Amino acid sequence: MDSISKFNGIDYANTFAKKISVMHELVKDVLSGHLNKGDVIIDIGGGPGIGAKIIEDLGIEATVINIEPSTTIYDIPQLLSVKKYS
Numbered sequence: 001m002d003s004i005s006k007f008n009g010i011d012y013a014n015t016f017a018k019k020i021s022v023m024h025e026l027v028k029d030v031l032s033g034h035l036n037k038g039d040v041i042i043d044i045g046g047g048p049g050i051g052a053k054i055i056e057d058l059g060i061e062a063t064v065i066n067i068e069p070s071t072t073i074y075d076i077p078q079l080l081s082v083k084k085y086s
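So for the sequence shown, the UniProt record's numbering puts the first residue at 1; every next one is plus one.
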């Protein structure tokens, strides 16, 4: 593996990362119409803290229960609007 951008000849950064970003925007659009202050959300993955970050970007005060199989969840910064449980 040359780097994160190339894996087995696939240009990961330009093939998958851009699609993931679009998917995150779609999830954000859907969540914006369904979440209310005080809601409790279960985040089952998508990257460390992505669900919490999306909710934070929406400015919704919510509790996120994060189910993350790795320790990378501890690498994300504290968020203002989101209580984090993992």
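Heads up, the beta-carbon is just placed ideally off N, CA and C, and yes, glycines get one too. Since the structure is predicted, the reported quantities are computational estimates derived from the model, not experimental observations.
So, residue i versus residue j, is the Cβ gap smaller than 9 Å?
i, j, result
"lysine 37", "aspartate 57", "no"
"valine 30", "valine 64", "no"
"leucine 26", "alanine 62", "no"
"isoleucine 54", "histidine 24", "yes"
Can you check which of these residues, the options, is closest to residue i by C-alpha distance?
i, options, result
"isoleucine 50", "Glu61, Asp39, Leu35, Ile67", "Ile67"
"glycine 59", "Ser32, Asn14, Lys18, Ala17", "Ser32"
Since residue i sits in a beta bridge, which residues does DSSP pair it with?
i, result
"isoleucine 50", "In DSSP, isoleucine 50 forms no bridge with anything."
"isoleucine 42", "Ile65"
Below 8 Å, is the gap between the Cβ of residue i and the nearest heavy atom of the ligand MG?
i, result
"glycine 38", "The ligand MG is absent from the structure shown, which contains no ligand whatsoever."
Taking only runs of the alpha helix (DSSP H) that begin and end inside the segment 9 to 36, which ones reach a length of at least 4 residues, in chain order? Correct list: 18 to 32.
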